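Quick note, the sequence shown lines up with residues 0 to 591 if you use numbering that gives the first Met the number 0. Cβ atoms here follow ideal geometry from the backbone N, Cα and C, with glycine treated the same way. A quick note: this is a predicted structure, and the numbers were derived from the prediction, not measured.
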Amino acid sequence: MKNNKIVIYIGILVVGVLLGWLLFGGSSNEEIDHNHDAVAATNQMWTCSMHPQIMQPEPGDCPICGMDLIPAESGSDGLMADQFKLTENAMALANIQTTVVGKGNVEGNTIKLSGKIAENEEANAVQVSYFAGRIERLNVSFTGEEVRKGQLLATIYSPELYAAQQELITAASLKESQPALYKAVRNKLKLWKLSENQINQIEETGKVKENFPVYATVSGTVTEKLVEQGDYIKQGQPLLKIANLNTVWGNFDVYENQIDRFKKGQEVMITTNAYPNKEFKGKVDFIDPVLNTKTRTVTLRVVLSNKDDVFKPGMFVTANIEGSTAKNDEVLTIPASAVLWTGERSVVYLKTNPDQPIFEMREIKLGNQIGNEYEVVEGLFVGNEIVTNGTFTVDAAAQLQGKKSMMNKDGGKVMTGHEGHLGMDNNASNKESDHTNMNERLEVSEKFQQQLNSVYNAYINLKDALVKEDSISTSANATTLLNKLNKVDMKLLSDNKAHNHWMSLEGEIKSSATSISETSDIKSQRDHFKHLSSHLINAVQLFGINEKVYVEFCPMADNNNGAYWLSKEEKVINPYFGEAMLTCGEVKQVIE
């Protein structure tokens with residue numbers, strides 16, 4: 000009986016332990032799971048689909064637009080902050096190619112320098128008046144007029160000269176008794192640049208002349224008129240600036256690490272866009288001994304014969320010079336197609352992983368151009384792999400993902416067209432976690448592409464008006480572009496990602512086109528056209544217009560800052576300079 004009780008007690012104890020494990024053990028697991036979920040929830044960040052720069056630790060409304068915040072992606076792609084990834088499909092679509100950076104030998108290669116034509120200061124002259132008075136007649140009508148030595152430039156009435164002539168007539172009657180006085184009066188007139196014949200004529204006739212002529216002392220071209228007819232002038236006051244353009248200077252910039260490759264007397268071959276099939280010989284005449292601390296360059300000067308009036312001051316020219324270094328130095332060189340220019344910055348895109356299409360923007364400092372390559376002074380090393388074809392496409396991908404890019408050196412910021420940036424919203428709202436595909440051509444309807452094509456055609460008309468330097472037509476075509484832009488139906492974009500990108504681009508395009516339409520100043524129109532082009536290039540790249548489009552670039556536009564534009568043809572016709580530099584530039588990319 001006692002044994003049966005013990006068995007019953009043991010059974011109850013076992014059942015109790017089992018029930019306790021089931022109850023309390025299960026609760027412990029649930030609590031652990033619950034705590035894990037709490038930690039995950041704590042680490043969750045919330046963002047706005049329209050303003051991905053907004054990041055908050057809890058849900059709520061966007062402080063900019065008021066939209067509901069959505070969960071942000073965790074960013075578990077393993078990339079550094081400035082890196083971004085392209086898909087293999089995007090690489091193939093844009094024909095993106097890379098090259099490993101190596102060193103090249105510059106000895107025996109032609110070094111290309113860019114420069115400008117300037118007046119030969121040694122041949123310049125300032126025509127002055129040697130006596131005070133009033134300009135009764137000015138025979139020079141406009142700047143640029145040719146004058147010859149001895150040509151009548153102006154006629155001046157001078158009270159001082161009138162009185163001096165009367166003194167001469169009086170002194171002439173006393174020259175026997177007061178020869179010193181007579182001689183002093185004649186010398187006074189000579190100091191005022193009256194010739195012996197003029198003085199003798201006054202003395203012989205005994206008549207005083209009211210107006211006296213001013214003759215050109217040199218031959219040349221009038222580069223500046225400093226007075227107008229009817230002006231009162233002082234003795235020694237400049238009247239005209241005259242330049243003798245039979246010879247001109249070509250001024251070129253040379254980086255400090257390349258100075259030893261050039262020497263005085265070195266032969267130079269000069270080319271210019273005005274005469275693309277001609278070469279002109281010159282010699283290095285001067286190398287500035289003072290370094291420009293801002294650009295880290297010195298000026299190399301070439302004197303050019305200009306008897307046929309080929310070169311115009313201000314004209315852009317290129318010098319091809321054989322490198323003369325005896326050091327047989329090797330320098331780092333990269334293809335010109337790899338470089339994007341903006342402002343004072345030059346950038347390339349590095350492929351940071353040899354096995355994966357991961358890229359990163361890198362600022363570099365360039366030296367001189369050698370053939371179709373540039374010397375790299377800073378920013379790259381031997382073995383770096385850089386994009387050499389499709390560079391603009393890679394840059395567009397960086398902009399769309401909010402990474403550092405050509406026009407947005409800080410990355411992640413949304414800039415306005417007035418600031419000159421191309422920064423784009425990074426679509427952090429993409430729940431499908433495919434932000435690495437944002438650089439690809441987005442799938443949109445053919446009807447939307449047709450409407451975008453109408454905007455593009457209006458842009459081409461605007462570009463052609465700038466080529467002709469017709470500011471009135473440029474303004475009118477900008478208004479037409481705005482009308483076409485207003486007819487683009489955003490409802491055709493069913494995809495949220497495409498819709499967001501178009502909203503951002505449309506605002507920038509509209510801002511730039513509006514600025515162009517509201518001014519008749521051609522320089523201001525070209526400044527806004529640069530920004531308009533940048534945003535429309537992004538739109539065409541992203542959505543397509545069922546037409547081949549050429550992206551062209553001129554490094555000398557925008558005061559040598561460089562600028563892009565779109566064209567229907569491969570032939571370069573530059574909208575930033577008009578007739579002055581119609582063919583300056585090159586094709587940087589073809590968008591199919």
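Buried or exposed (CB count within 10 angstroms, at least 16 for buried), Thr296
buried
Does DSSP put Pro574 in a helix, a strand or coil?
Note: Pro574 maps to coil in three-state DSSP.
Would the beta-carbon of Lys233 be found less than 8 angstroms away from any heavy atom of the ligand GTP?
Because no ligand of any kind appears in the structure shown, any question about the ligand GTP cannot be addressed here.
Considering Cα atoms alone, identify which of Ala396, Ala183, Lys350 and Ile544 is closest to Asn456.
Looking at the Cα atoms, Ile544 is the closest of the given residues.
Inside the stretch 258-303 only - beta strand (DSSP E) runs reaching at least 3 residues
Counting only runs of 3 or more, we get 266-271 and 274-286.
To the nearest angstrom, report how far apart Leu68 and Asn499 are at their CA atoms.
15 angstroms
Residue range of the beta strand (DSSP E) that includes Trp248
Thr246 to Tyr254
If contacts are defined as beta-carbon pairs under 8 angstroms, then Ile286 and Ala124 qualify, I think. What distance do you get, rounded to the angstrom?
Not confirmed; about 26 angstroms, so no contact.
Spell out the partners DSSP gives Leu239 in its beta bridges.
Leu239 pairs with Gln126 and Lys224.
Find out if the Cβ-Cβ distance for the pair Ile459, Leu565 is shorter than 9 angstroms.
yes
Under the three-state DSSP convention, the category Thr216 falls into:
Thr216 falls in the coil class under three-state DSSP.
Alpha-carbon spacing of Thr518 relative to Ala477, whole angstroms:
10 angstroms
Just the Cα atoms here: how many angstroms apart are Trp605 and Ala117?
Nothing can be reported for residue 605, as the shown portion of the chain is limited to 0 through 591.
Should Lys148 and Thr216 be called a contact, given that it needs their Cβ atoms to be closer than 9 angstroms?
yes
Selected residue, minimal CA-CA separation from Asn319, among Val301, Val267 and Glu57
It is Val267 whose Cα lies nearest to the Cα of Asn319.
When Ser503, Ala131 and Ile198 are compared against Ile155, the one with the closest alpha-carbon
Ala131
8 angstroms contact criterion, which Ile508 and Leu484 should meet: CB distance rounded:
The Cβ separation is near 6 angstroms, so the contact holds.
State whether the stretch 216-228 contacts the stretch 137-153, with contact taken as three or more CB pairs (one from each stretch) at a distance under 8 angstroms.
yes
CB-CB under 8 angstroms to Glu202, same chain, minus the five flanking residues each way: which ones, in chain order?
Leu167, Ile168 and Ala171
Following the continuous beta strand (DSSP E) through Glu203, name the residue where it begins and the one where it ends.
Element bounds for Glu203: not the beta strand (DSSP E) but the alpha helix (DSSP H), Glu195 to Thr204.
With a 10 Å radius around its C-beta and 16 neighbouring C-beta atoms as the bar for buried, classify Tyr373 as buried or exposed.
Result: buried.
Taking the alpha helix (DSSP H) that Gly132 falls in, what are its first and last residues?
Per DSSP, Gly132 is not a residue of any alpha helix (DSSP H); the beta strand (DSSP E) it occupies stretches across Gly132 to Leu137.
Report back the beta-carbon spacing between Asp81 and Lys403 to the nearest angstrom; my notes put them in contact at under 8 angstroms.
Taking 8 angstroms as the upper bound for CB-CB distance, Asp81 and Lys403 are in contact here, some 5 angstroms apart.
How many Å lie between Gln400 and Cys583 at the Cα?
32 angstroms
Which runs of the beta strand (DSSP E) at least 3 residues long sit entirely within the stretch 520-574? Give them in chain order.
Along the stretch 520-574, the beta strand (DSSP E) occurs as fully enclosed runs of 3 or more residues at 548-553 and 562-566, listed in sequence order.
Option in Val283, Tyr254, Ser304 and Val309 with minimal Cα separation from Pro275:
Val309
If we count the other Cβ atoms within 10 Å of its Cβ and call it buried at 16 or more, is Asn94 buried or exposed?
exposed
Taking 9 angstroms as the threshold (C-beta atoms), are Lys262 and Leu239 in contact?
no
Between the Cα of Val247 and those of Asp307, Gln200 and Ala273, spot the shortest distance and give me the residue it belongs to.
Asp307
Assuming Glu377 is part of the beta strand (DSSP E), what are its boundary residues?
Glu372 to Glu377
Taking DSSP as the reference, what is the three-state secondary structure of Ser113?
The answer is strand: DSSP assigns Ser113 an E or B state.
Residues that Asn388 bridges to, as DSSP identifies them
According to DSSP, which records beta bridges pairwise, Asn388 is partnered with Gln96.
Locate the beta strand (DSSP E) running through Phe83, then write down its first and last residues.
Gln82 to Lys84
Helix, strand or coil for Trp45, going by three-state DSSP, please let me know.
strand
So Phe391 and Val550 are in contact, right, with Cβ under 8 angstroms, and what is the actual spacing, rounded?
Contact between Phe391 and Val550 holds: CB atoms are separated by about 6 angstroms, below the 8 angstroms threshold.
Own chain, CB closer than 6 angstroms to Leu244, minus 5 neighbours either side, in chain order:
So the list reads Thr220 and Asn305, once near-sequence residues are dropped.
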